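J.: Residue numbers (the working numbering), protein chains in the order written: chain A, 7 to 287; chain B, 16 to 285; chain C, 5 to 264; chain D, 7 to 514; chain E, 99 to 415.
All C-beta atoms, glycine included, are put in the ideal place defined by N, C-alpha and C.
Remember, it's a predicted structure, so these values are computed and weren't measured experimentally.
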Amino acid sequence: MSAPASNGLLQVRDLTVAFGRHAPVVRGLDLDVAPGQRLGIIGESGSGKTVTALAIMGLLPDNARVTGSIRLDGQELVGLSDRQLSRVRGDTMSMIFQEPMTALDPTMTAGRQVAEAFRLHRDRDAGRARSAVLEMLGAVGFDDPARIADSYPHQLSGGQRQRVVTAMALVNRPELVICDEPTTALDVTVQATVLRVLDEVLDAVGAGCLFISHDLAVVSQLCSDVVVMLDGEAVERGTADRVFNEPQHPYAAGLVATARLDLLEPGTRLPTVADHVRGAR
Amino acid sequence: MKRAELWVGLALVTAVVAMALVSFVWTPFDATAVGSGPRLQSPGLPHVLGTDHMGIDIFSRILVGARSALYVGIIAVGIAALVGVPLGILAAWLPRWGAEAMMRATDVAYAFPALLLAILLAAVFGASTETAMVAIGIATIPAFIRVTRAGALSVLASDYVLAARAAGTPAPAIAVRHVLPNVAHLIGVQASVSFAMAILAEAALSYLGLGTPPTVPSWGRMLGDAQTYLFGHPTQALWPGLAIAAAVLGFNLVGDGLRDFLDPKLREVA
Amino acid sequence: MSLFEVEHLTRVYATGRRRVLALDDVSLTVERGQRLGIVGESGSGKSTLIRLMASLDKPTSGTVRFDGRVVSGVPERDLGFLRASVQLVLQDPRSSLNPRMRVGSIVAEPLRSPLIRRERRQVDQRARVREVLDAVGLPADSADRYPHEFSGGQRQRIAIARALAPSPEVLIADEAVSALDVSVRAQVLNLLMGLVDDLGLTLLFVSHDLAVVRHVCPDAVVMQAGRIVESGPTQRLFSAPEHPYTARLVAAIPAFRSRS
Amino acid sequence: TGAGQQAPAPSGAPTAGATSAAPAPAPEETRTLVIGATAEPQTLDPTATDAAAGPQALLYNVYETLVRLDAAGDLKPLLAQAWDVTPDRLTYTFRLNPAAQFSDGTPVDAEAVAKNIERIQTGTTAPKLKNQMEVVVGTEVVDATTLDVTLSRPSVTWLFDMAGAAGIVMNPEGFDAAGSETAGSGPLTLDRWTPGDSIALKRNDAYWGTPARFDEVTFRYFKDPNAMNASMLSGQLDIISNLQAPETIDQFSDEGRFTIIEGSTEGEVTMAINNGAAPEGVPAGTGNPALQDVRVRKAITMAIDRRALLDTVWHGKGTLIGSMSVPTDPYYEDLADLHPYDPEEAKRLLAEAGHENLTLRLRPPTLPYATKAAQFIASQLGAVGITVQVEELQFPRQWIDTAMTNADYDLTIVSHVEPRDVATYANPAYYWRYDNPAVQEAVRKAGEGTIEEYTTEMRNAARIIAEDAASVWLFALPNLVVTKEGVTGVAENANSSLSFDVTTIAKA
Amino acid sequence: MFRQLLGRLGIFLLSLVAASFAIFVITQALPGDVAAVILGHGATPEQLAAKRAELGTDRPFLVQYLEWVTAMLGGDFGRSWFSHLPVTTLMAPRLGVTGSLVSGGLLLAVLIALPLGAVAALRRRQWPGLLTSATAQVGMAIPAFWAGIILVFVFGVLLRWLPPNGYVPLGRDPGRWASHLVLPVVTLGVIQAAVLVRYVRSAFLEVLAEDYYRTARSIGWTKWRALSRHGIRNASLSLVTVLGLQLASVIVGAIVIERVFVLPGLGSLLLDAVATNDLVVVRGITMVLVFAVLLINAAVDISYVLIDPRLRAREAS
Ligand SMILES: Nc1ncnc2c1ncn2[C@@H]1O[C@H](COP(=O)(O)OP(=O)(O)OP(=O)(O)O)[C@@H](O)[C@H]1O
Ligand SMILES: Nc1ncnc2c1ncn2[C@@H]1O[C@H](COP(=O)(O)OP(=O)(O)OP(=O)(O)O)[C@@H](O)[C@H]1O
Ligand SMILES: [Mg+2]
Ligand SMILES: [Mg+2]
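#1: Is any beta-carbon of chain E found at less than 7 Å from that of residue 239 (chain D)?
#2: Taking only beta-carbon positions, decide if residue 121 (chain B) is within less than 7 Å of chain D.
#3: When the Cα atoms are used, what is the spatial distance from residue 19 (chain A) to residue 74 (chain A)?
#4: Say whether chain E places a C-beta atom closer than 7 Å to the C-beta of residue 54 (chain A).
#5: Does the structure place the stretch 443-461 of chain D close enough to the stretch 298-318 of chain D that three or more beta carbon pairs sit under 8 Å?
#6: Give a single yes or no on whether residue 143 (chain C) has its beta carbon closer than 6 Å to a heavy atom of ligand 1.
#7: Is it the case that the CB of residue 50 (chain C) approaches a heavy atom of ligand 2 more closely than 6 Å?
#8: Does ligand 2 have even one heavy atom less than 6 Å from the beta-carbon of residue 17 (chain C)?
#9: Nearer than 6 Å: is that true of the beta carbon of residue 46 (chain C) relative to any heavy atom of ligand 2?
#10: Can you name the start and end residues of the alpha helix (DSSP H) that residue 204 (chain D) belongs to?
#11: Tell me whether residue 273 (chain D) sits in a helix, a strand or coil according to DSSP, three-state version.
#12: Strictly below 9 Å CB to CB, what residues from chain D border residue 54 (chain B)?
#13: Assign residue 160 (chain A) to one of three DSSP states: helix, strand, or coil.
#14: I need the straight-line Cα distance from residue 157 (chain D) to residue 92 (chain D), nearest angstrom please.
#15: Hey, would you say the C-beta of residue 229 (chain C) is under 6 Å away from at least one heavy atom of ligand 2?
#16: Quick check: the Cα distance between residue 63 (chain D) and residue 95 (chain D), rounded to an integer number of angstroms?
#17: For residue 180 (chain C), collect the residues of the same chain with a Cβ closer than 6 Å to its Cβ; drop the 5 residues on either side in sequence, then sort them by chain order.
#18: Report yes or no: is there a C-beta of chain C within less than 7 Å of the C-beta of residue 163 (chain B)?
#19: Could one say the Cβ of residue 200 (chain D) lies closer than 7 Å to chain E's Cβ atoms, at least one of them?
#20: Give the DSSP-derived three-state secondary structure of residue 110 (chain C) in the structure shown.
#21: Count the C-beta pairs between the stretch 385-398 of chain E and the stretch 216-233 of chain E that are closer than 8 Å, then say yes if the count reaches three, no if not.
#22: Taking 7 Å as the CB-CB limit, is residue 185 (chain D) close to chain E?
#23: Mind checking residue 414 (chain D): buried by the 16 CB within 10 Å criterion, or exposed?
#24: Can you give me the Cβ contacts of residue 132 (chain C) inside the same chain, cut-off strictly under 8 Å, excluding the 5 residues immediately before and after it?
#25: Could you say which of A:24, A:224, A:53 lies nearest to residue 351 (chain A) if we only look at CA atoms?
#26: Quick one: which unbroken beta strand (DSSP E) runs of 3-plus residues sit fully inside the stretch 79-152 of chain D? Chain order, please.
#27: Determine, using beta carbons only, whether residue 401 (chain E) comes closer than 7 Å to chain D.
#28: Between residue 218 (chain A) and residue 47 (chain A), how many whole angstroms is the CB-CB distance? I'm expecting something under 8 Å.
#29: Within a Cβ cutoff of 7 Å, which residues of the same chain sit near residue 10 (chain A), ignoring the five residues on either side of it in sequence?
#30: Can you find a heavy atom of ligand 1 that lies under 6 Å from the Cβ of residue 243 (chain C)?
#31: Mapping DSSP to helix, strand and coil, what is residue 162 (chain D)?
#32: If you scan the stretch 380-420 of chain D from start to end, which runs of the alpha helix (DSSP H) of 4 or more residues do you find wholly inside it?
#33: Tell me whether residue 25 (chain A) counts as near ligand 1, meaning its Cβ is closer than 6 Å to at least one heavy atom of that ligand.
#34: Between the stretch 60-70 of chain A and the stretch 162-176 of chain A, do three or more beta carbon pairs fall short of 8 Å?
#35: Just curious, the beta strand (DSSP E) that residue 237 (chain C) is in, first and last residue?
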């Protein structure tokens, strides 16, 4: 594996996470994201993708033990207190979660929740927050931001909610955005819209991105580089083109093969990971 | 940690059960023979915990009292579960309006807490352990209906019930094979908590003179009696109080421990 | 005579004061041996349709005929022939298996049903369980274990084994692979297609993943808001969608793209 | 007996024209007296029920009678300065104190007294009082201060009863509101009644006799003896009128702070035995037939160590008695040792009667002393081979219904607080179901005879029932009063008037 | 919104009817002759018959029920069998006592339980949380009357800081009113708080497990601020239910506390009436208590609508 480039935006070294007395679920993971770079993380369910993301955000539960180093803009995040971390969260880095239906507080209007993020880090003034919110809601593709801002989450569709969450994450123009399967819960048509919006806004803001998904096609659309995780370890990394076209690790190869239904004759047997892994592991 | 809670609870409950069992074969003194010993003795020998105002050995009475505590709990919870669980399952199965009517009825029943119902029944039928147990049992039925119904609703909405129906499994078999086993843990938790409540309610009723008669060794009754001598002989009230607290704590801990242990959501909370 | 004949099926759910038109005048036929895909967005009525076809729910109006006999609105005790012939595989392998039953009992459950026994006569339950577990590639000792001891893919195999146990003619798979990892999905799909071929089953395959439907089913219907908006050979739906909704659906499928 | 405890000041009963007698105490500081009591009145009308609570707080304090009972149990003038009886003992002439007036200023005249007697007879008053007044056939107002009362037959008890609730002279204006307001002529009037908590009395500034020594007298009610003790110990109370849990008396042993007065009451704690008589027109009782055998009843009496029982149940306070009579009764005779504790003799008697294996239902009411005593007796009777099943009856309803009305019991335990209640043994329908013509004859003679005849015949009746072991008289309830240091003049014995007379009490 | 309120009102009225019927049936099931009990021994058969007629116990059951209910609608709860006073007259002065006790106890319970519950949830793996939970468990296991008696002993008798029992109406002397209520309110409040802490804890734990809580933290709130901004409102949804149920047990708990502290409240009136078998009074008080509980339940249901926009909006559509 090629040595990751240094002095980037995000530098994760030898990250290990364990819960309670159980065996670690993320083991010695290294990650690098340069400013503006989009890094995809793929891997099967339970391989540690979400745990990695939460470790970077400092949002793991109390019983998690994190060792190693996570540097954001050169600042070490591991070992910071909740208070210190909270100044970074939502400001220089933010996160978009998987489940749009539950990620928003049901008792607060969407606009207020986006504004909260802004007022917390930028400007306490309600009026300026409001205009920033409306601008951001426009940027994530809403034609009538004011109406959306005054709606409660339950009055919005899944796709709309996910865009509100995106607006929350991006309203402070963070340098790093972590997306944990942001479209998995959405219908294909909605997914297409959200992905397009995400792509545009990330470009507009110029944020680096850690994009987690198990849908390889989605990753290929959004990310320039890819890390493949298996059982808490990175087993392959490289540019998206390289990983999707010439995967090295048998597991990665299997993953790519099964995902490419578009390359197969209908009705034929599907290639499985096992076909690739069998000899190699 | 969760386990610790469960273990402490189980240990306390086991102790209570053991005391009750031991009392059947052995007590240091006769737990009902009045005036057989000196009265209001402080702890010492041969009366380890002293004697009460009737000259009865307190330790013997505490041992036998464990039976009453369990008796009250078992009967009250038994009534509540035997009535509440089937009704709860039925309520989950009923069409909307039927279920609505039934749940409204349980709401009304909720307006009669155990103690109030027990007082009401005592006013009419006379105070006794049986009245108290029945009242506590009846008052606890709604809790069982709710818990069972909530559990049964989610079980009935589950895919495995859909699969069972598609496989032609008749309704009673679904209730027995799928619903009951999958709400059993909820019922267990509720039973444990209700058990604790029953013991406390019986103690309160005995204090008010509406519970167990004095001839029956019962912790609630002992505590009620002992409070008369509290200022002169504080240890009198200490032992039954501790026994009640320990039993209640035990059942509550078991209930909570079970709940936390069985509820994956609470286990993985961030 | 078609195996399934669905005529003007409508289903309205009433929750509180809200009424949801989940199925709006749907007509459909399924031929013996056909592999039919049903695609559409979440909430478009796919599950409602197949629930009605399996007579697990009553339609608001319209009829479902199976093998020439009306099955919609018929009391459960007269549905033996349907229960013996039509089996389900559902979406979430975690929730479609009773966590407190052993795998053996789960798989044997259809065999114990009085309705199915009336149709299929007595079978040696233990032997049949062993047989189907073997057919889905699970070790024989699986019967004595509980669902939580199995991985997601294995659990879906158990669900398939259960569906196969009474030797049905029709298999209905409602999002049977949607909850599975891509890698596991491939294995399960391979198994499913193999069994359908070997046993000559009719397959109703519900999914919102068009790529999977195209791979598994020669024919498909597209649903939107409780209606069937288009139907036909899957290839044609992909290459030349007629309804704009189908077109949007096809266009939205994420494709691999190179960025460099 | 009670002389030593008498207040130094004259009693509340005034002499003629005493209106201006004693000077009012210095008004600067309110002088208060707080008394802890157990039973709370349900109503402020002491004649409405036969409960003791109303008279306890109100009689002699707020309401006055023609005659009163003093601490020694003797009749003394109150509203009546004097009274005469005709030789046939059928007509009483009362001469009222002309100074007497109700708290609103209207005089207490013969007319008012006559109306009160009529009210007891025909109004909504307690059956017990109606029965007491039943002998009265007529009243005649001679003049404003003279009243004649005619009886149907001579009665020794009537005048005594007139010293109690039956004789209350209420302002006729206040008849209608008697339940919630008072209209008396006593030294105190109602200040406020807080049901469930207290009755506060205040000085009647217009009192016609010796003014009250307190500006405010409060009776506070406690269901729970422990709460009453706590109040006393914390200094909130001046007097505990009757200590309900005698075992707690040691808490007040600090002589610097408290004084304990041990007197007597009229209450006999009795274990009733169902004697099995079945008089006509009365529901048939269901007592064990073995109890009709006097040997069995004697055996039961002798099987019980009453001294030990008294120690256990009432902390050794109280008096052992051997019949339905307490030491303050004029006809009292100590029969406590008539059937002494002797379990061996008890077993012999049982064997002689052929009841070695007797099973009896002991159905005590749910009252603390009764259930305690039941436990004790059950284990003692067990020792002589009688199996006792203790079944509690809820008090009062279930007990009255089951034991009292239907005599559905073998043994039961209750305290009989009515004065001079030997007479109940003359009534075969009473729940003892005791039918003995000799007793009936003696009681009849006593009621109609002279005082001397009364005493002789009552003593006779008490002796017969004792020899017959008609019941087991466990002990006479003591009157245990606790006072704060400096409180004097509290009557030692509780008497049949049921009054807790505060007019004699002073506080340093 | 209006329709919702109307519907809730209908349910409330129906519940009242059901509850009143239940109470009536139970209190009419009395074995034995009421008249005999009221008159005591020594009553003649004529007196008994007259009493029965006066009480109306000789009429058909439903007639008696309907009369009772109609009278109640006119504010007439009947007259005590023994004191002959109207039940309303008996209850009126006691409502204030029980009201002060219950509201004081509930307020104290909430004031204690909210912060402690939050600590128990957020710090549940550290000692503050464990200690809080453990203390709450122990607190819940202690019989309330026992705790009360011990408080009386310590603060009333030994230290003499506070009156051990009794009551002074607010109107007469506010200072003494307060001093008399301190111990009972503390007893009731603390014991109820122990129960409440558990519910608060699990309500907060639920919030902690919610995605929106994580979202709130991801935009930069600290744990505590995220909980206070997004937790309390959402937790209050389930807490309001619990409080509604809790209120029932506070009211009932007050019965025992009133006995311990000799407070002339509804509870002690109820117990006195039970002791004397004054079923008219028992019936009246039970009805009032049950009415209060049902009213609270209705209020709880309505408050959901105010707290949860999802329910509010359902009405709008
Ligand atoms: N709070 C927790 N306590 C204990 N174990 C946990 C916890 N959270 C996650 N894990 C475990 O850590 C491992 C990695 O989980 P993670 O959520 O990171 O997987 P993932 O790659 O995101 O999978 P998916 O694609 O299903 O989201 C899993 O085995 C999971 O069970
Ligand atoms: N039991 C029910 N009660 C009320 N509404 C229901 C019920 N079941 C389904 N619906 C509604 O009916 C509509 C169709 O639901 P259905 O489950 O058939 O959709 P689906 O196409 O299977 O969606 P998915 O892909 O999410 O499974 C939806 O709007 C749904 O909310
Ligand atoms: Mg994940
Ligand atoms: Mg579906």
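T.: In short:
#1: yes
#2: no
#3: 6 Å
#4: no
#5: no
#6: no
#7: yes
#8: yes
#9: yes
#10: No alpha helix (DSSP H) holds residue 204 (chain D); the beta strand (DSSP E) holding it covers 204-209.
#11: strand
#12: 253, 317, 318, 321
#13: helix
#14: 11 Å
#15: no
#16: 33 Å
#17: 93
#18: no
#19: yes
#20: helix
#21: no
#22: yes
#23: buried
#24: 112, 115, 169
#25: Only positions 7 to 287 of chain A appear in this structure, which leaves residue 351 (chain A) out of reach.
#26: 81-83, 86-91, 97-102, 142-149
#27: no
#28: 5 Å
#29: In this prediction, residue 10 (chain A) has a pLDDT of 45, which is less than 50 and means its spatial position is unreliable; nothing more can be read from the coordinates.
#30: no
#31: coil
#32: none
#33: yes
#34: no
#35: 231-237
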